[in-house]
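In what follows, a structure is listed as C-alpha cells, so that the remarks can point back to it.
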Amino acid sequence: MEQYIIKGGAELKGEVTIDGAKNAALGILAAAIMADEDVLIENIPNVNDVNVMLEAIAHIGAKVERIDAHTVRINGAAITSCEVDDDFMRRIRASYYFIGALLGKYKNAKVPLPGGCAIGARPIDQHIKGFEALGAKIDIKGGYLSTTAARLKGAHIYFDVVTVGATINVMMAASMAEGQTIIENAAREPHIVDVANFLNSMGAKIKGAGTDTIRINGVSKLHGTQYAIIPDQIEAGTFMCMAAACRGDILIKNVIPKHLESITAKLTEMGNTVQEYDEAVRVIGAEKQRHTDVKTLPYPGFPTDMQPQIAVTLALAEGASIVTESIFENRFKYVEELRRMGAEVRVERNVAVIDGIERFSGASISAPDLRAGAALVIAALQADGISSIDGIGYIKRGYEDFEKKITALGGKIKYINDPNITEYA
C-alpha cells in the first residue's frame, strides 16, 4: 500500500521549480489529435493523469512518441477509432475532451459518460448544449455519449453556468466548424487561454480567451505545431500555502505571478510576506497569522482546487475563519482527517468554520482526493510528531515528484510502498 510517512516540524527553506499545468495539458493533449501532422508539446507534467491521457490517445490509433519526461510528439493522422474506452474515463474524467476534439475533426465521437467523483458530480449538460448548438446530434445509451454531425456550423452559445470543461470542449469542436461561433459566459481560467493559444498555433482562429466572450472562426484544417504548456498555478499555490502554514521561506520558480493573485492576496491578508518576481514568487510564513474568509469562485476568484490547502493554512491562524465552497459540493471530505490531527473545524453544507490552533498533531490519515491529499501533506509537515498518509495515488495524479521537492526544501517525508512500515526512520 502506497503511503507517505512524514515527520513534522522541520524547517522548510529553499527553492522549488513548478512543472507544467496539468489542467492545461489534458485539454492540449486532446486537441493535439485534431492535426494530421506532428505536434510537439513541451513542459508537460509527468503525472498519472497526463500519462493515462497519452495511453488513451495511443489507444484510438494516434501516434504518441514520448521524447522525454516532459516532451511528447503526437500525430493524429492514423486515428482508427472515434470511440474512447470506458477504462480511460474511469481513470481520468478529463478524457471527455475527446468529444470536442473528435467531433471537430471527424464529426463523430463516442465517449463514456463521466460519473461523480470524490469532490462532487461533474455534469456535462453544458457540453451537450454547446455541441447541439453547433449542429451535432447527441445520443446517450448504455453509459456512452455518442455524437455525430453531417456538418458543424458556428452558433451563438450562452453557458448557463461558468464551466471550464464545456468551454474547452466546445471551443475545440467550434475550431473546425463552418462560420463563426460566439461563446458567452465562458470560463476565464489560465488553462482556457493556454488551450486557445495552442489551437491558434495549429491554425485555429480564436479570440477573446481569458474573457467571458470567446469568438471562434472555424477552419477546415489544423496543422502541426510546437508548443510549451504554462506553469501549474495550483502546484505553485500548494507550495505557497506550504510555506505559510509551516512558517517557511520558499522561492517558487517557473510561475506566472498574475495567475496567483487571488492566493497571494489571501496569504498577504493573513500577514505573510509574498514577494513577486518576473517568473517567481517568494513566500515567507509569518510566525503569527491572522484569520480571514475565503470563498471559491471561477477565475479570477479564489480557485476551488486551492480550497483545502488554504483551509489547512487558516487552521493554524489566530481567530475564526470561514471558507465557503461554491463550486463542488463534496470538497470538505478532508475535514474529518484534519480533525484527527487536532484541527477545530465544523462544516455546515458548503461552509467550513475554522478556529485556529497553534499546531497539528501527527496521525494516521487518508487522502480523499487529489487536492485534499496535498493539503493533508502540508498539515503533516507542520504537525508535532509523525503522520502516515494513505491514498497518495490521488496526489500522484497531479503532483510530479512531490516528496522529492519537499525533501529538497528540508521536509522529512518518505514514500513507502510497504504496509509493514508505519514509522519515519
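Numbering-wise, the sequence shown is residues 3 to 427 according to the working numbering. Quick reminder that beta carbons are idealized off the backbone N, C-alpha and C, glycines included.
Quick test of the definition: if touching needs 3 or more C-beta pairs under 8 Å, does the stretch 18-29 touch the stretch 221-239? yes
Quick check: the Cα distance between N187 and I130, rounded to an integer number of angstroms? For the purposes of this step, residue 187 is taken as the residue at position 185 of the sequence shown. For the purposes of this step, residue 130 is taken as the residue at position 128 of the sequence shown. Spanning the two alpha carbons is a distance of roughly 16 Å.
Tell me which same chain residues have a C-beta within less than 6 Å of the C-beta of N77, skipping the five on either side of it? Locating residue 77 in the sequence shown gives position 75, where the first residue counts as 1. Excluding sequence neighbours, N77 sits near D40 and K65.
What does DSSP give as the partner residue(s) for I312 in the beta ladder? Translated into positions along the sequence shown, residue 312 becomes position 310. Note: I312 sits in no beta bridge, so no partner.
Can you check which of these residues, R93, D214, G11 and E17, is closest to K50 by C-alpha distance? In the sequence shown, the residue the question calls residue 50 occupies position 48. Residue identity check: residue 50 is Asn in the sequence provided, not Lys. Ranking the options by Cα distance to N50, first place goes to R93.
Measure how close the beta-carbons of H293 and E320 come, nearest whole angstrom, since I'm counting them as under 8 Å. For the purposes of this step, residue 293 is taken as the residue at position 291 of the sequence shown. For the purposes of this step, residue 320 is taken as the residue at position 318 of the sequence shown. Between E320 and H293 the Cβ distance is about 6 Å, and since that is below 8 Å, they are a contact.
Euclidean distance between Cα positions of L14 and L147: For the purposes of this step, residue 14 is taken as residue 12 along the sequence shown, with counting starting at 1. For the purposes of this step, residue 147 is taken as residue 145 along the sequence shown, with counting starting at 1. Going from the Cα of L14 to the Cα of L147 covers about 48 Å.
For A34, which residues of its own chain have a beta-carbon under 6 Å away from its beta-carbon, when the five flanking residues on both sides are left out? Here residue 34 refers to the residue found at position 32 when the sequence shown is read from its first residue. So the list reads V41 and I76, once near-sequence residues are dropped.
V86: first and last residue of the uninterrupted alpha helix (DSSP H) it sits in: Within the sequence shown, numbered from 1, the residue matching residue 86 stands at position 84. Taken as a continuous stretch (DSSP letters only), V86 belongs to no alpha helix (DSSP H), as it is neither H nor E.
Nearest neighbour of D162, chosen from V18, A189 and F241 [CA to CA]: Stepping through the sequence shown from its first residue, residue 162 is reached at position 160. Closest option to D162, Cα to Cα, is A189.
Opposite Q5 in the DSSP bridges: which residues? Along the sequence shown, read from residue 1 onward, the residue named residue 5 stands at position 3. Paired residue(s): D392 and I418.
Where in the stretch 322-370 do unbroken runs of the alpha helix (DSSP H), each at least 4 residues long, occur, reported from the N-terminal end onward? 337-342
I'd like to know if the stretch 51-59 and the stretch 235-247 are in contact, where contact means that at least 3 CB-CB pairs between them fall below 8 Å. no
Contact belief for I356 with L316 at Cβ below 8 Å, rounded distance in angstroms: Within the sequence shown, numbered from 1, the residue matching residue 356 stands at position 354. Within the sequence shown, numbered from 1, the residue matching residue 316 stands at position 314. Between L316 and I356 the Cβ distance is about 5 Å, and since that is below 8 Å, they are a contact.
From T169, A151, E271 and I142, residue whose alpha carbon lies closest to that of I216: By 1-based counting over the sequence shown, the position of residue 216 is 214. The candidate whose alpha carbon is nearest that of I216 is T169.
Answer yes or no: do A369 and L383 have a C-beta to C-beta separation smaller than 8 Å? Locating residue 369 in the sequence shown gives position 367, where the first residue counts as 1. Locating residue 383 in the sequence shown gives position 381, where the first residue counts as 1. No, these two residues do not count as a Cβ contact at 8 Å.
Whole-angstrom Cβ separation of F269 and M242, contact assumed at under 8 Å? Position 267 of the sequence shown holds residue 269. Position 240 of the sequence shown holds residue 242. A small fix is needed here, since residue 269 is Leu in this sequence, not Phe. With a Cβ gap of about 6 Å, L269 and M242 count as contacting.
Continuous alpha helix (DSSP H) stretch holding K107: start and end: Taking the sequence shown and counting its residues from 1, one reaches residue 107 at position 105. Y99 to Y108 is the extent of the alpha helix (DSSP H) around K107.
Find the nearest neighbour of D88 within the set V54, L105 and G102, judged by alpha-carbon distance. As a first step, residue 88 is located in the sequence shown; it is residue number 86 there, counting from the start. For D88, the nearest C-alpha among the options comes from V54.
Does the distance between the C-beta of A410 and the nearest non-hydrogen atom of the ligand COA fall short of 7 Å? Questions concerning the ligand COA fall outside what the structure shown contains, since it holds no ligand whatsoever.
So, under 8 Å CB-CB, I142 and I159 are touching, yes? Tell me the CB distance rounded to an integer number of Å. The sequence position of residue 142 within the sequence shown is 140, counting from 1. The sequence position of residue 159 within the sequence shown is 157, counting from 1. Not really, about 20 Å apart at Cβ, beyond 8 Å.
Residues bridged to D70 [DSSP beta-bridge criterion]: Indexing the sequence shown from 1 puts residue 70 at position 68. Per DSSP, T73.
Would you mind stating whether V166 and I194 have Cβ atoms separated by less than 8 Å? Here the question's residue 166 lines up with position 164 in the sequence shown. Here the question's residue 194 lines up with position 192 in the sequence shown. Cβ atoms of V166 and I194: closer than 8 Å.
Environment of E402 [buried if 16+ CB atoms lie within 10 Å]: Working through the sequence shown from its first residue, we reach residue 402 at position 400. E402 should be labelled buried.
Less than 8 Å between the C-beta atoms of G102 and N202, yes or no? For this step, residue 102 is matched to residue 100 along the sequence shown. For this step, residue 202 is matched to residue 200 along the sequence shown. In this structure, N202 does not lie closer than 8 Å to G102 by Cβ.
Can you give me the C-alpha to C-alpha distance between E278 and K255, rounded to a whole angstrom? Residue numbering aside, residue 278 sits at position 276 when the sequence shown is read from its first letter. Residue numbering aside, residue 255 sits at position 253 when the sequence shown is read from its first letter. So the alpha carbons of these two residues sit roughly 10 Å apart.
Please classify A37 as buried or exposed, where buried requires at least 16 neighbouring CB atoms within 10 angstroms. Along the sequence shown, read from residue 1 onward, the residue named residue 37 stands at position 35. Answer is buried; the Cβ neighbour count reaches 16.
Between which two residues does the alpha helix (DSSP H) carrying I30 extend? As a position in the sequence shown, residue 30 is number 28, starting the count at 1. From DSSP, the alpha helix (DSSP H) with I30 extends over K24 to A34.
Distance check for N199 and K9, CA to CA, integer angstroms please. Taking the first residue of the sequence shown as position 1, residue 9 is located at position 7. Taking the first residue of the sequence shown as position 1, residue 199 is located at position 197. Spanning the two alpha carbons is a distance of roughly 43 Å.
Check for me: the alpha helix (DSSP H) holding D295 runs from which residue to which? In the sequence shown, residue 295 corresponds to position 293, counting from 1. From DSSP, D295 is part of no alpha helix (DSSP H) but of the beta strand (DSSP E) over D295 to K297.
Going straight from the alpha carbon of G387 to that of R399, what length do you get? Walking along the sequence shown from the start, residue 387 turns up at place 385. Walking along the sequence shown from the start, residue 399 turns up at place 397. Rounded to the nearest angstrom, the two C-alpha atoms are 27 Å apart.
Beta-bridge pairing of E320 - partner residues as DSSP gives them: Within the sequence shown, numbered from 1, the residue matching residue 320 stands at position 318. In the DSSP output, where bridge partners are listed per residue, E320 has R292.
Would S177 be called buried (16 or more neighbouring beta carbons within 10 Å of its own) or exposed? Along the sequence shown, one-based indexing puts residue 177 at 175. Buried is the call here.
May I ask which residues mark the beginning and end of the beta strand (DSSP E) holding D234? Numbered from its first residue, the sequence shown carries residue 234 at position 232. Neither: D234 is in no beta strand (DSSP E) and is coded neither H nor E.
6 Å Cβ shell around D196 - same chain, five flanking residues per side excluded: Counting from one through the sequence shown, the residue named residue 196 turns up at place 194. So the qualifying residues of the chain are A26 and I232.
Please state if the CB of K109 and the CB of T150 are separated by a distance shorter than 8 Å. By one-based count along the sequence shown, residue 150 stands at place 148. By one-based count along the sequence shown, residue 109 stands at place 107. Yes. Within cutoff.
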